[in-house]
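Chains as they are written, first to last, in the numbering used here: chain A, 1 to 582; chain B, 583 to 1129. Glycine included, every Cβ here is placed at the ideal spot set by N, Cα and C. As the structure is a prediction and not an experimental result, all values here were calculated from the model.
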Ligand SMILES: [Zn+2]
């Protein structure tokens, strides 16, 4: 009676000797296909050879693929032939799994946190123990609806859950609770700002097909080796089992790797602005699967679709897509259509290539049917309206507002990338700073400091109040201190010495004697002193060596300990240099 | 206006009824309690409350009876005497301190093995779950314990509820206390037989397609299949989630009502459990001498004609020809008795079920979790796929019923077949529900046998799954419609060997109409007099005990 164990669960798995192929990772995931289909087939590992050949080509093609939808086969060919006549375009759709940042899991009350001790956040429900039943977490629905509204999707007031069935050791119940034919959100779009090859950007609208709620599976950890093939047992960590996900399916509207990366980034931004997910790809709280095919430009029919998984950054996604476009175009151009088959390929970050994980012979049969343990999910119009009213500003709306302040496109993109940055910036504006200098300070020295010391913007606000930065900016604007002095004072502000602004920064610069010298008489005295001490140079200047002006400016600055008002200093200096004092 | 009948006249009526059905057995004992509700649960509860006996004494007595009958019946898969006695002692000490221990204080109860019991092995009759000890109590079990009941052990069942005879248990067959050459029915056969043999005062069962009612019928006890969602399924090892119900099996309607009152009600752990408030189902039950002469006046009942009607267009549903004469006769007698009590009895029609497509589809999915990874038995294998195959083959394949049903369910959900089977079945289910609810708009209750036959011989049908499926036809539509039913003894059918076997009548009520339904059943039970014949097993050990 001791089989029940809440500790690390052990599953003995494949330990076949001599597994060939450079990409051992495929074995781990291949198990899923074996178990799901019941077929004992080995995925081909030969495809990496072909892929390798294209690595160099991919790099050269990247530029082409990035700045437009056009990929000509010549760019990827190692031959010296002129450009081929056929112009290809890629058709790309993305399935994004967003982990919803609820306190507890989707169907039980276990904590939904990342990085806990293996199998510490588990209970009979998420382990699929006999007799246990799922109970839907209301916060999952709330966050799902918020995300749907942000994507301008239609919220289905009546949706349902279904069981997606397959066998795998990380799937406790033998099925995943998901939404099949009636998802929570249908339709929608997202605005994507794509950087082009120059300094400009273009804006595209990408359609959203649907978004539905589902639960995550556990995680396999392979013992004795980095991957399953070299290990003789595997462990299952069920902490992630039952964690809520929102799967967002895009229309096949994307054409390039850059667009896909921009789409992913915007999706993450939206989720973060809403506070429904941290969108951390490295921790797996946001995962993108790419569906990609190529076709000659102008043809309506889609080519053969390939799925790519296992990219842990948007950058990797862009490179995987660019590699895959080249691979597919190369195969079609080379008359090797057989190399483009309906399959799942994995991105190998180390080798910068995709490789085949499993071939899809027809669709896997997941035997979906309505989940009888959960009643229909029924929402009221009032509930949806309430959430709509509570929506925070979205990235797109923020960008519009910032552009309206007269900021450049570049400034807007940088400031709107992160909700915390935007919030800090807004607070600086609210404290009275003008937009452009505020943007320069936030995006410049302040952002650099945050990155350098790995400081979050909320923590930053606790040290350097936005009002303190605003006060410093106003001191520069009104000439009390120079921009140079501002940079010198910043470390003190970052250390909290600027207090809450509203006079405390002025007090600080005054106490440190950093107030700019703008008084003409005082400045003239310094200038005269410098000229008197450097009569040789003055002589040379008056004889035509006007380049020496800089020398005098520097000398005056040094003499004033950097406090001289540069504008006033220049005016007086030029006056004195031009006409000797009478 | 009729003058109220006296107790005497009821007794006469009772004798008349039983005489019509069969000769009154020589050892029949009438144990109607005047002034308080009928049944050993009420008697025990009152005694404990009055401190006439202790929970420990009760538990000790029932454990003794349990073990003495067990060698012949094999009703239990697990009994923990020590634990039960500890629970009983705890209740006694609380009673001694003047605490209100609850409405089931000291009542010894058995639990079907598909209901999770914390710290006590729960296998659902499957070898695949051998060694599985739940970390939690099913809600129904937790509520029993909270009400002061003492859990004696876990009762045998067909593996995962798949079977109607207890012969499909992964461990042992159970035998019918009325005649041990016969099956007790299933899948809650262990619970029904244990109650009939007085190994416990009451038991929990579960009903997916008749698994409470058919064994109650075979064992001559009262079984209640509540409305779907009336009792939480949390902790019930799932067979078919949209059909499964937990319900009580007891020796009287009043006892069953008392247990149901305790276990029913909303549960945060089961999203399909109803929020409707729970009534005290014993509140409307009047002791025999408080009943009027025509207690069922103005009640309109309908006999499902395919089950045993006369002059019926037979063969329409294929039901009629499988109902044996003894059952038809017992039902006819019950109908006459109900009419004498004032009820109008008409006839209604039922349609054939699509039960199995839905039940097996859900079962194939619910049983996916028995993969040997996290609990239960893991098969030895060198790699994953073989581990799955070996775990599931040795664990679930031990009874061909289970493997067959998983295959059928998997097939029905497969691409290309889903629309023709599962989807179509759900559409028919909607029709069944609508039609039964329409019938219940016109009638207060529907009635039919709980099974087309009395308990059959061990081995008689185990090689003929189709006839066993047919046997379920009396009960499955009710599960599709989610409606409540009470099965209670309505007579006996003589066998060739001379041993009489009980016949159960099924009364079907409106959704969440358990209170009215139990009232009706109680009146019938109190006036018909067919409830009190004791199975031979009990009589032997009971007389030994009293010597
Ligand atoms: Zn959990």
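Within-7 Å CB hit, residue i to chain A
{"i": "residue 818/B", "result": "yes"}
{"i": "residue 749/B", "result": "no"}
{"i": "residue 1112/B", "result": "no"}
{"i": "residue 721/B", "result": "no"}
{"i": "residue 753/B", "result": "no"}
{"i": "residue 644/B", "result": "no"}
{"i": "residue 793/B", "result": "no"}
{"i": "residue 770/B", "result": "no"}
{"i": "residue 947/B", "result": "yes"}
Pairwise C-alpha distance: residue j and residue i
{"i": "residue 1104/B", "j": "residue 643/B", "result": "27 Å"}
{"i": "residue 1069/B", "j": "residue 665/B", "result": "32 Å"}
{"i": "residue 326/A", "j": "residue 90/A", "result": "10 Å"}
{"i": "residue 408/A", "j": "residue 470/A", "result": "20 Å"}
{"i": "residue 671/B", "j": "residue 638/B", "result": "6 Å"}
{"i": "residue 438/A", "j": "residue 514/A", "result": "21 Å"}
{"i": "residue 866/B", "j": "residue 657/B", "result": "33 Å"}
{"i": "residue 724/B", "j": "residue 340/A", "result": "59 Å"}
{"i": "residue 461/A", "j": "residue 424/A", "result": "7 Å"}
{"i": "residue 583/A", "j": "residue 502/A", "result": "There is simply no residue 583/A to check, as chain A begins at 1 and stops at 582 in what is shown."}
{"i": "residue 485/A", "j": "residue 251/A", "result": "52 Å"}
{"i": "residue 569/A", "j": "residue 483/A", "result": "15 Å"}
{"i": "residue 575/A", "j": "residue 414/A", "result": "43 Å"}
{"i": "residue 993/B", "j": "residue 373/A", "result": "21 Å"}
{"i": "residue 237/A", "j": "residue 398/A", "result": "40 Å"}
{"i": "residue 310/A", "j": "residue 338/A", "result": "24 Å"}
{"i": "residue 1095/B", "j": "residue 152/A", "result": "46 Å"}
{"i": "residue 564/A", "j": "residue 528/A", "result": "14 Å"}
{"i": "residue 931/B", "j": "residue 985/B", "result": "34 Å"}
{"i": "residue 1024/B", "j": "residue 882/B", "result": "8 Å"}
CB-CB length for residue i against residue j, believed under 8 Å
{"i": "residue 815/B", "j": "residue 789/B", "result": "Not quite, the Cβ-Cβ distance comes to about 11 Å (not below 8 Å), so this is no contact."}
{"i": "residue 921/B", "j": "residue 744/B", "result": "39 Å between Cβ atoms; not a contact."}
{"i": "residue 695/B", "j": "residue 707/B", "result": "6 Å"}
{"i": "residue 1027/B", "j": "residue 767/B", "result": "In fact, because the Cβ distance is near 22 Å, the residues do not count as touching under 8 Å."}
Minimum Cβ-Cβ distance from residue i to chain B less than 7 Å
{"i": "residue 173/A", "result": "yes"}
{"i": "residue 140/A", "result": "no"}
{"i": "residue 133/A", "result": "yes"}
{"i": "residue 118/A", "result": "no"}
{"i": "residue 303/A", "result": "no"}
{"i": "residue 127/A", "result": "yes"}
{"i": "residue 491/A", "result": "no"}
{"i": "residue 124/A", "result": "yes"}
Ligand 2 heavy atom lying under 6 Å from the CB of residue i
{"i": "residue 855/B", "result": "By its list of ligands, the structure shown excludes ligand 2, since it contains just ligand 1."}
Mind checking the stretch 361-380 of chain A against chain B and listing, in chain order, the residues whose C-beta falls within less than 7 Å of any C-beta there? Within the stretch 361-380 of chain A, contact with chain B at the beta-carbon level (separation under 7 Å) is assigned to 365, 367, 369, 372, 373, 374 and 375.
Segments of 4+ residues assigned as alpha helix (DSSP H) that fall wholly inside the stretch 445-500 of chain A: Correct list: 447-453, 457-463, 466-477 and 483-494.
Name the residues in the stretch 973-1004 of chain B whose C-beta lies less than 8 Å from a C-beta of chain A; which are they? Cβ proximity to chain A below 8 Å picks out 992, 995, 996, 997, 1000 and 1004 from the stretch 973-1004 of chain B.
Output, in sequence order along the chain, the residues in the stretch 921-943 of chain B whose CB is closer than 7 Å to any CB in chain A. Cβ contacts with chain A: 943.
Pull out every residue of the stretch 154-183 of chain A whose Cβ sits closer than 8 Å to any Cβ of chain B, in chain order. Within the stretch 154-183 of chain A, the qualifying residues are 163, 165, 167, 169, 172, 173, 174 and 175.
Using a Cβ-Cβ cut-off of less than 7 Å, give me the residues of the stretch 838-868 of chain B that come near chain A, in sequence order. Those would be 850, 851, 852, 853 and 854, in chain order.
Where in the stretch 252-310 of chain A do unbroken runs of the beta strand (DSSP E), each at least 3 residues long, occur, reported from the N-terminal end onward? Complete beta strand (DSSP E) runs here, min 3: 286-296 and 306-309.
Where the stretch 703-732 of chain B meets chain A: residues whose CB sits under 8 Å from a CB there: Close to chain A, meaning a Cβ-Cβ distance shorter than 8 Å, are the following residues of the stretch 703-732 of chain B: 703, 704, 706, 711, 713, 714, 715, 716, 717, 718 and 720.
Where are the beta strand (DSSP E) runs, 3 residues long or more, that stay fully inside the stretch 1075-1104 of chain B, in chain order? List check, beta strand (DSSP E) in window: 1082-1090.
Which residues, in order along the stretch 798-827 of chain B, keep a beta-carbon less than 8 Å from a beta-carbon of chain A? Answer in chain order: 815, 816, 817, 818, 819, 820, 822, 823 and 824.
Which full runs of the alpha helix (DSSP H) of 4+ residues lie inside the stretch 660-725 of chain B, going along the chain? Listed in chain order, they are 663-678.
Give the residues from the stretch 652-682 of chain B that approach chain A closer than 8 Å (Cβ to any Cβ), ordered along the chain. Listed in sequence order: no entries.
Continuous beta strand (DSSP E) assignments of at least 3 residues falling wholly in the stretch 326-407 of chain A: Fully enclosed beta strand (DSSP E) runs of 3 or longer: 343-348 and 353-359.
Alpha helix (DSSP H) segments (min. 4 residues) lying fully within the stretch 764-809 of chain B: Every alpha helix (DSSP H) of 4 residues or more that sits fully in the stretch 764-809 of chain B is shown, in chain order, as 771-778 and 795-801.
In chain order, what residues of the stretch 778-789 of chain B put their CB closer than 9 Å to some CB of chain A? Using a CB distance below 9 Å, no part of the stretch 778-789 of chain B faces chain A.
Chain B contacts from the stretch 233-248 of chain A (Cβ-Cβ distance under 9 Å): So the list reads 234, 236 and 238, given in the order they occur along the chain.
Note down, in chain order, all residues in the stretch 413-442 of chain A with a beta-carbon under 9 Å from any beta-carbon belonging to chain B. Residues of the stretch 413-442 of chain A with a C-beta atom less than 9 Å from some C-beta of chain B do not occur.
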